[in-house]
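Engineer: What follows is a single structure, and I will ask about it in a moment.
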Amino acid sequence: MPVPNIQITQKPHLSRTLGPFMLWGLGVGYVISGMYFGWNLGLAEGGTYGLAIATFFSIILYITFTFSYTELACAIPKAGGVFDYATKSLGKNIGFIAGVAQIIEFVFAPPAIAAAIGAYFHIFFPQLSVTSIAITAYIIFAALNIYGVKAAATFELIITIFAVFELLLFSGITLPHFHLANLQHNAFPKGWNGVWAAIPFAIWFFLGLEGVANVAEETINPQRNVLRGFGSALITLIILCVLIFISSIGVAGWEAIVYTSNSLETSDSPLPMALSKIAGNSSLMYHLLITIGLMGLIASFHGIILASGRATFEFGRVKYIPKMFGNVHTKFKTPANALIINMLIGIVALISGKTGDIITLSVFGALTLYFISMISILMLRKKEPNLARPFRVPFYPYFPIIALIISGVCLVAMITLNIKLSLIYFAIIALSYIWFHFFVKKSIDAEQIINS
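Take 10 as the starting number for the sequence shown in the numbering used here and just add one per residue.
Okay, structure coming up:
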């Protein structure tokens, strides 16, 4: 009797090529630009002590969050990250909201970094506009990510190593010039209100680390290697954060790395400003710092593009957005369509010129992700106690509860400080959900009934 020719349709899947060292490179690379620029603006809000207190709680948040998130990533190693975790634990509706928040974080962070890359290159090529350089960077790194995850991760690892080395070099040069009095000068100018206002900039130190979870599907033995990659990246970033904070402020006080000469205009270049107080702005070391400093910006830019492609890909794979964005390139085995649409959205945001607002929207997305994912781990422990968990968060349930509380407080702080942008952010979430509930969800449910 002839056997019928049955074709089994498989969902698009990504190839597993990443080991723990690659994950360390991605984790540190996603975040490391936050050490180079942006964080110093928190000093203008809270002074040394205000930003230090906010950063302390930010470190507690990321320690407790990272270990909790690792449990989810090891138990559910899928490219969608929090989208998959929240869907499994809280249902499709909350899963969709979590997924939208994640996409907002990962899609809106790169334009801000691209603008900084354009500004750096503009110093060396003044005939080219900042915007044109930034758009060129977008195209180059989107193409590299399309070419292959191993090539992209290898490149990320190399430039991340350069960026870490450069931060250690900066600390080695500045620490001999450290004076405790510079940390204590005008250290708490706005009191506890300054701590509140400095929260977004403290989060910027570590924003994006959770992107490691989005490549769990492409990781060799994710149940073991995701923990090793996450943990080693977090330790590295905490050490660098403390070193950079102390060494840069200790040279000449916090005002010297916030305000440009003889003005109240703020700067996004705290490390070159600190070094110029020691060696001047015409020395070889100063120019070396600026040149290698590009590595940190490129590492985060390239890494977050990689993570955002996976988040959008997962939405397409489950048909929450057009199915074409959930396809894998037949040759390169990468989410090419998802990477391209993210690039186009990022370029539009970049052209708007609203860098500060773009960063704020990205932070809103991140805090929503943290908040929902911590609820997810608590609910999943109750709903599916027998789920295979190769890694379990230590000190459960205290770690996820601590991360839940801190992320909630930070979200409230962000809303009170950015009323207009918070309305825009939640309007995006609300409109996306309405579209999902009344159009996408009904269509998917109807398709499932037909196929059942």
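Positions of the beta carbon are idealized from the N, C-alpha and C atoms, including for glycine.
Determine the burial state of S382: buried for a count of at least 16 other Cβ atoms within 10 Å of its Cβ, exposed for fewer.
Structural biologist: Burial call: buried.
Engineer: Would you tell me roughly how many angstroms separate the C-alpha atoms of A308 and P119, rounded to the nearest one?
Structural biologist: So the alpha carbons of these two residues sit roughly 11 Å apart.
Engineer: Going by C-alpha to C-alpha distance, which of L306, L284, G305 sits closest to H296?
Structural biologist: With distances taken between Cα atoms, H296 lies closest to L284.
Engineer: If contacts are defined as beta-carbon pairs under 8 Å, then F324 and F92 qualify, I think. What distance do you get, rounded to the angstrom?
Structural biologist: Going by Cβ atoms, the distance from F324 to F92 rounds to 7 Å, so yes, they are a contact pair.
Engineer: Tell me, please, whether the segment 72–84 touches the segment 265–281 by the rule of three or more beta-carbon pairs shorter than 8 Å.
Structural biologist: Touching, no, given that fewer than three Cβ pairs across the two stretches are closer than 8 Å.
Engineer: A128 and T275 look like a contact to me (Cβ under 8 Å); what is the Cβ gap, rounded to whole Å?
Structural biologist: About 14 Å separates the two Cβ atoms, so there is no contact after all.
Engineer: Report back the beta-carbon spacing between H194 and V260 to the nearest angstrom; my notes put them in contact at under 8 Å.
Structural biologist: The pair is not a contact, with the Cβ atoms about 12 Å apart (cut-off 8 Å).
Engineer: Does the beta-carbon distance from L32 to G238 come in below 8 Å?
Structural biologist: Yes. Within cutoff.
Engineer: Closest by CA to S141, which one among L153, S241, I126, A152?
Structural biologist: S141 has its Cα closest to that of I126, out of L153, S241, I126, A152.
Engineer: On the three-state DSSP scale, how would you describe I17?
Structural biologist: Caution is warranted here: a pLDDT of 39 is assigned to I17, below 50, making its placement in the model unreliable, and no coordinate value can be reported.
Engineer: With contact counted as at least three CB pairs below 8 Å, one residue from each stretch, are the segment 211–225 and the segment 371–378 in contact?
Structural biologist: As far as the Cβ criterion goes, the segment 211–225 touches the segment 371–378, which means the pair count is three or higher.
Engineer: Are the Cβ atoms of P86 and A225 separated by less than 8 Å?
Structural biologist: Cβ atoms of P86 and A225: closer than 8 Å.
Engineer: Could you give the DSSP three-state label for F171: helix, strand or coil?
Structural biologist: In this structure, F171 counts as helix in the three-state DSSP scheme.
Engineer: May I ask you to report which of helix, strand or coil DSSP gives L284?
Structural biologist: If DSSP states are grouped into helix, strand and coil, L284 belongs with the helices.
Engineer: By a C-beta neighbour count over all protein chains shown, 10 Å radius and 16 as the cutoff for buried, is Y58 buried or exposed?
Structural biologist: Y58 is buried by the Cβ-count criterion.
Engineer: In the DSSP assignment, the alpha helix (DSSP H) including G34 goes from what residue to what residue?
Structural biologist: 29–40 is the extent of the alpha helix (DSSP H) around G34.
Engineer: Please list, in chain order, all residues of the same chain as T364 whose beta carbon is under 6 Å from its beta carbon, the five residues on each side excluded.
Structural biologist: So the list reads A121, A124, once near-sequence residues are dropped.
Engineer: May I ask you to verify whether the segment 333–352 touches the segment 143–154, counting CB pairs closer than 8 Å and requiring at least 3?
Structural biologist: Yes: the two stretches touch, three or more of their Cβ pairs being nearer than 8 Å.
Engineer: Just how far apart, CA to CA, sit L432 and A206?
Structural biologist: So the alpha carbons of these two residues sit roughly 18 Å apart.
Engineer: Using the Cα positions of Y39 and L218, report the straight-line distance between them to the nearest angstrom.
Structural biologist: Between Y39 and L218, the C-alpha separation is close to 6 Å.
Engineer: Have a look at G104 and P409 and give me their C-alpha separation to the nearest angstrom.
Structural biologist: The alpha-carbon atoms of G104 and P409 are separated by roughly 18 Å.
Engineer: Name the DSSP beta bridge partners of T228, please?
Structural biologist: Paired residues: L27.
Engineer: Can you give the Cα-Cα distance for V109 and I258, rounded to whole angstroms?
Structural biologist: Cα to Cα, V109 sits roughly 37 Å from I258.
Engineer: F133 lies in the alpha helix (DSSP H); which residues open and close that run?
Structural biologist: Here the alpha helix (DSSP H) through F133 covers 101–133.
Engineer: Mapping the DSSP letters down to three states, classify H446 as helix, strand or coil.
Structural biologist: H446: helix per DSSP, three-state reduction.
Engineer: Is the segment 165–178 touching the segment 248–257, taking contact as three or more C-beta pairs under 8 Å?
Structural biologist: Output reads yes: the segment 248–257 touches the segment 165–178.
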